[in-house]
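*Asks:*
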Amino acid sequence: MEMTTKPRNFTSRVVLKEHFTARVFLITLKLLQPKTITFTPGQFINVDIGNGLRRQYSIASSSHKRDEVDLLIDIAPGGPGSIYFSNLEHDDTVSFTAPMGKFGFASQTGTIVFIAAGTGIAPFKSMIDFTAEEQARRKDYDKRNVYVYLCFRHEKDIFLEDYFEHLSEEQPNVHATIVLSQPGPTWTGRSGHVQENMDDRLFSDTSAHFYVCGGTPMVRGVVNYLRTNSVPEGHIHFEPF
Ligand SMILES: Cc1cc2nc3c(=O)[nH]c(=O)nc-3n(C[C@H](O)[C@H](O)[C@H](O)COP(=O)(O)OP(=O)(O)OC[C@H]3O[C@@H](n4cnc5c(N)ncnc54)[C@H](O)[C@@H]3O)c2cc1C
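According to full-length UniProt numbering, the sequence shown holds residues 1 to 241 in order.
Have a look at this one:
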């Protein structure tokens, strides 16, 4: 999909900071100047975190919402970006440049497979919300099958479980699976490497496009797995953090 919007400098204000887990939270930035943004679901913002440093964060909200952007922040890396976002409070000002990047839907038809680790779900949430809104708004909008594989390490790291449960109830074409790499003894769900929990039939679905996002080692592992399973190169799209 062609990206035509040039990046601009924005100032914004924190209007929501909601903890999902001990290390992951949702931040909502209300745009002050300019007051609205145009972007494509999957793109990111480049945040000025002070001292001449910048960090990138995928927009987690739909592009239909133009006066605010949601971010999903994981502070586990512990560097300057994590410290900056940990210290942010309600009403603080945040400066950023956006929209950035070319990640997003590569095809307007066919099966969609999202594979994410932790906050790697952020660009996909934007793409999913956008698609769900289009489907609700336009009766003719293709009800594409959407498979989401979301992995975390432990039970305590899980977030957006309710969001996906609700979405799957409302939209039977959305199939979400949570995978834990290191579950506790009472976990009865999927476990192990996220890629090994994927439905094999997806690899022979010639309409399927696979989107992968998360830390670099996870992205590399999943992309290699897709290649090993003969997914065409043009159907594999990834954004490493
Ligand atoms: C295009 C893009 C989009 C991004 N979107 C998000 C987002 O939506 N939410 C988010 O929390 N972070 C996102 N990141 C990561 C973010 O930009 C910072 O790298 C992160 O906040 C760590 O910054 P830091 O200064 O705390 O640590 P640093 O000292 O700069 O980085 C420490 C190390 O952690 C790695 N890392 C960063 N994030 C992760 C992660 N989630 N999982 C595993 N390893 C990681 C980095 O590659 C780096 O090697 C994105 C990165 C890119 C390139």
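All C-beta atoms, glycine included, are put in the ideal place defined by N, C-alpha and C.
On the three-state DSSP scale, how would you describe phenylalanine 241?
*Replies:* The answer is coil: DSSP assigns phenylalanine 241 none of H, G, I, E or B.
*Asks:* Use the C-beta contact count for threonine 188: other C-beta atoms within 10 angstroms, 16 or more gives buried, fewer gives exposed.
*Replies:* Exposed, since its Cβ has fewer than 16 Cβ neighbours within 10 Å.
*Asks:* Helix, strand or coil for glycine 234 per DSSP?
*Replies:* Of the three classes helix, strand and coil, the one that applies to glycine 234 here is helix, per DSSP.
*Asks:* Out of Glu18, Phe159, Val113, point me to the one whose CA is closest to phenylalanine 210's CA.
*Replies:* Of the candidates Glu18, Phe159, Val113, the one whose C-alpha sits nearest the C-alpha of phenylalanine 210 is Val113.
*Asks:* Here's the rule: buried if 16 or more other CB atoms are within 10 angstroms of the residue's CB, otherwise exposed. What is threonine 119?
*Replies:* Classification of threonine 119: buried, given that the 10 Å Cβ count is 16 or more.
*Asks:* Span of the beta strand (DSSP E) holding leucine 26?
*Replies:* First-last of the beta strand (DSSP E) with leucine 26: 24-33.
*Asks:* Just the residues with CB closer than 5 Å to a heavy atom of ligand 1, in chain order, which are they?
*Replies:* Counting every residue whose Cβ lies closer than 5 Å to a heavy atom of ligand 1, we get Phe44, Arg55, Gln56, Tyr57, Ser58, Ile73, Asp74, Pro77, Gly79, Pro80, Gly81, Ser82, Thr119, Ala122, Gly215, Phe241.
*Asks:* With DSSP collapsed to three states, give me the class of residue 271.
*Replies:* In this structure the chain extends from 1 to 241, so residue 271 is not present and cannot be described.
*Asks:* Evaluate the contact criterion for the region 35-48 versus the region 98-108: three or more CB pairs, one atom per stretch, below 8 Å.
*Replies:* Result yes; three or more Cβ-Cβ pairs closer than 8 Å.
*Asks:* Helix, strand or coil for isoleucine 49? Go by DSSP, reduced to three states.
*Replies:* Strand at isoleucine 49.
*Asks:* For serine 181, which residues of its own chain have a beta-carbon under 8 Å away from its beta-carbon, when the five flanking residues on both sides are left out?
*Replies:* Correct list, in chain order: Cys151, Phe152, Arg153, Ser191, Gly192, His193, Val194.
*Asks:* Does the beta-carbon distance from isoleucine 59 to phenylalanine 39 come in below 9 Å?
*Replies:* Yes, they are a contact pair.
*Asks:* Any idea which residues DSSP pairs threonine 93 with across the strands?
*Replies:* Answer is Arg13, bridged to threonine 93.
*Asks:* Rounded to whole angstroms, what's the CA-CA distance from threonine 28 to aspartate 92? Just pull it up for me.
*Replies:* C-alpha separation (whole angstroms): 11 Å.
*Asks:* Could you work out which residue in Thr109, Arg201, Thr177, Thr131 is closest to phenylalanine 159 when comparing CA atoms only?
*Replies:* Here the closest residue by C-alpha is Thr177.
*Asks:* Beta strand (DSSP E) containing glycine 214: first to last residue?
*Replies:* Looking at the DSSP string, the run of the beta strand (DSSP E) that includes glycine 214 is 209-214.
*Asks:* Would you kindly check if the distance between the Cβ of glutamate 170 and the Cβ of alanine 132 is under 9 Å?
*Replies:* Contact flag set, yes.
*Asks:* Compute the minimum distance between the beta carbon of valine 223 and the heavy atoms of ligand 3, and state whether it is under 8 Å.
*Replies:* Questions concerning ligand 3 fall outside what the structure shown contains, since the ligands it does hold are ligand 1.
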